[in-house]
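Chemist: Residue numbers (the UniProt record's numbering): 1 to 185. All C-beta atoms, glycine included, are put in the ideal place defined by N, C-alpha and C. Since the model is a prediction, treat every value here as computed from it, not as a measurement. Please read through the structure below; I'll follow up with questions.
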């Protein structure tokens, strides 16, 4: 399996994660924001290259969302530690990702592997999480007061993350052959 340009860009995005964490841990908010934006731009670039130059790969289909999630979860956890986002939201976002990964692993262990196909509500949840992370990083980096925008984004992320988790759970249950009906036993 050849390594493609998008895969190299995605691997570079993995390498940005410790740099973002380091910047956040040392109060370098402008650097953390810049690295986060760089990761976002690299995600768009690798996707564009993969689609428009026919460089899609199975490896990329798995690595790309993993790099995105690693970055987002790391940033959310650090923003929670720094008090920029509420703990309950960090718990919700991280728990959803852990549950999805656990469900995929369990399905594979049970010889019922699942495809890595994101659903619309999951894409919306991820977009809202990225927006919230960017705003939460930009506020201390540039001495901004996001006020109601931050509150609205926190609520939006909470709702979309919950809907996404419920949707994936329903898909997983259907995939595993578990119906929600009682068998009358």
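I'd like to know whether the C-beta atoms of residue 29 and residue 146 end up nearer to each other than 8 Å.
Modeler: In the chain shown, the residue the question calls residue 29 occupies position 29. In the chain shown, the residue the question calls residue 146 occupies position 146. Not a contact, by the Cβ cut-off of 8 Å.
Chemist: For residue 114, which residues from the same chain have a beta carbon less than 7 Å from its beta carbon, with the 5 sequence-adjacent residues on both sides left out?
Modeler: Here residue 114 is taken as the residue at index 114 of the chain shown, counted from 1. Cβ within range, chain order: 104, 107 and 175.
Chemist: If you drop the 5 nearest sequence neighbours on each side, which residues of the same chain put their C-beta closer than 6 Å to that of residue 160?
Modeler: For the purposes of this step, residue 160 is taken as residue 160 along the chain shown, with counting starting at 1. Around residue 160: 124, 125 and 128.
Chemist: Buried or exposed: where does residue 44 fall if 16 or more other Cβ atoms within 10 Å of its Cβ makes it buried?
Modeler: Sequence index remark: in the chain shown, residue 44 carries index 44 (1-based). Classification of residue 44: exposed, given that the 10 Å Cβ count is below 16.
Chemist: For residue 168, I'd like the list of residues in its chain whose CB is within less than 6 Å of its CB, leaving aside the five on either flank, ordered along the chain.
Modeler: Looking up residue 168 in the chain shown gives position 168. Taking residue 168 as the centre and dropping the five residues before and after it, the same chain places the C-beta of 100 closer than 6 Å to its C-beta, in chain order.
Chemist: Are the beta-carbon atoms belonging to residue 158 and residue 89 less than 8 Å from one another?
Modeler: Residue mapping note: residue 158 aligns to position 158 of the chain shown, counting from 1. Residue mapping note: residue 89 aligns to position 89 of the chain shown, counting from 1. Closer than 8 Å, so yes.
Chemist: For residue 121, I'd like the list of residues in its chain whose CB is within less than 8 Å of its CB, leaving aside the five on either flank, ordered along the chain.
Modeler: On the chain shown, residue 121 is found 121 positions in, with the first residue counted as 1. Only 160, 163, 164 and 167 meet the Cβ criterion.
Chemist: With burial defined as no fewer than 16 other Cβ atoms inside 10 Å of the residue's Cβ, what is the status of residue 3: buried or exposed?
Modeler: Translated into the one-based positions of the chain shown, residue 3 becomes position 3. Counting Cβ neighbours within 10 Å, residue 3 comes out exposed, since fewer than 16 surround it.
Chemist: Could you compute how far the alpha carbon of residue 95 sits from the alpha carbon of residue 53?
Modeler: Along the chain shown, read from residue 1 onward, the residue named residue 95 stands at position 95. Along the chain shown, read from residue 1 onward, the residue named residue 53 stands at position 53. C-alpha separation (whole angstroms): 36 Å.
Chemist: Using 10 angstroms around the beta-carbon of residue 10, count the other beta-carbons present and answer buried if the total reaches 16, otherwise exposed.
Modeler: The sequence position of residue 10 within the chain shown is 10, counting from 1. Classification for residue 10: buried.
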